[in-house]
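Written below as structure tokens is the structure these notes are about.
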Amino acid sequence: YSEENSGIVSVKKGYAPPEQYTSGFKVGPWMDVYAIAATFYRCITGEKPKESIARADDDDISLPSAMGAAISRKQEKVLLKGLALRPEDRYQDMREFYNALKEAAGFVTTGSRGTFIQRIGGIWKSAGRKPEKQMDQAPAANPTGVYAEEIARMNADRGKNQRMRMIAAVVGAACILAVVLILSVTGVLRFPWQIQLPVMR
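Right, here's the structure in full:
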């Protein structure tokens with residue numbers, strides 16, 4: 001942001017686009033695109049991207065794939081476009097960036113937001129690990145089926161856990177009842193109806 005009185009511009013190194021280092025820059029959603037792309041870069045590589053102002057003379061930003069991140073070339077291309085130095089070379093708003101990421105991940109751009117959020121976690125979660133094989137093709141023609149299977153498995157596990165808790169409760173109750181009966185038979189524990197009241201004469 002800019003402070004009107006002093007003209008000072010505050011930036012977050014590694015996450016701010018180069019135009020934010022200049023005075024009189026035009027504020028727009030393309031700046032947010034750079035910031036979120038830089039955040040994704042940090043997530044999958046473990047390092048902040050090179051400061052944008054330093055890239056102006058020599059744009060030698062390290063490729064995430066070269067740093068061991070499991071990311072396809074299509075996904076990497078989208079990410080690097082989000083980190084483009086010139087605003088006009090960047091995605092112009094978050095929706096455009098969002099759709100490009102979805103397409104690179106193998107989803108149509110009209111899918112549900114929730115599905116994409118689930119997928120984006122899968123795209124970036126392998127940060128710091130080298131992929132066994134670089135994948136350029138879409139992961140699945142119908143990814144919804146994959147999530148349906150996962151949900152079915154989770155529901156099955158939840159049902160199994162509920163049954164196990166029910167069995168544990170029944171066994172626990174049976175054990176308590178057995179202990180009470182044993183104590184009652186041995187005379188250690190007496191129920192109210194077993195206590196003989198003194199006869200008044």
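According to the numbering used here, the sequence shown is numbered sequentially starting from 1. Cβ coordinates follow ideal geometry from the N, Cα and C atoms, glycine included.
Under the three-state reduction of DSSP, which class applies to residue i: helix, strand or coil?
i, result
"residue 63", "coil"
"residue 91", "coil"
"residue 83", "coil"
"residue 71", "coil"
"residue 14", "coil"
"residue 25", "coil"
"residue 178", "helix"
"residue 157", "helix"
Tell me, to the nearest whole angstrom, how far the beta carbon of residue i is from that of residue j; I am working on the premise that it is less than 8 Å.
i, j, result
"residue 63", "residue 78", "Not really, about 13 Å apart at Cβ, beyond 8 Å."
"residue 33", "residue 90", "5 Å"
"residue 45", "residue 69", "5 Å"
"residue 29", "residue 92", "7 Å"
"residue 47", "residue 65", "That pair is no contact at about 14 Å."
From which residue to which residue does the alpha helix (DSSP H) around residue i run?
i, result
"residue 36", "29-45"
"residue 52", "52-55"
For the candidate residues the options, whose alpha-carbon lies nearest to that of residue i?
i, options, result
"residue 74", "87, 104 and 47", "104"
"residue 55", "173, 169, 25 and 16", "16"
"residue 202", "59, 156, 169 and 20", "The structure shown has nothing for residue 202, since the chain only spans 1 to 201."
"residue 35", "24, 18, 23 and 26", "18"
"residue 39", "82, 53 and 66", "82"
"residue 94", "155, 31 and 42", "31"
"residue 41", "24, 26, 106 and 67", "67"
CB-CB under 6 Å to residue i, same chain, minus the five flanking residues each way: which ones, in chain order?
i, result
"residue 182", "none"
"residue 117", "Residue confidence for residue 117 is low, a pLDDT of 47 falling below 50, so the modelled location carries little weight; the figure read from the coordinates is stated next. Contacts found: none."
For a test of your reading of the model: does the CB of residue i fall under 7 Å from any non-hydrogen atom of the ligand COA? Yes or no.
i, result
"residue 86", "Within the structure as shown, the ligand COA is missing, as the structure has no ligands at all."
Among the residues of its own chain, which have a CB less than 8 Å from the CB of residue i, if the five just before and after it don't count?
i, result
"residue 60", "50"
Within a Cβ cutoff of 7 Å, which residues of the same chain sit near residue i, ignoring the five residues on either side of it in sequence?
i, result
"residue 85", "18, 52, 55, 56 and 59"
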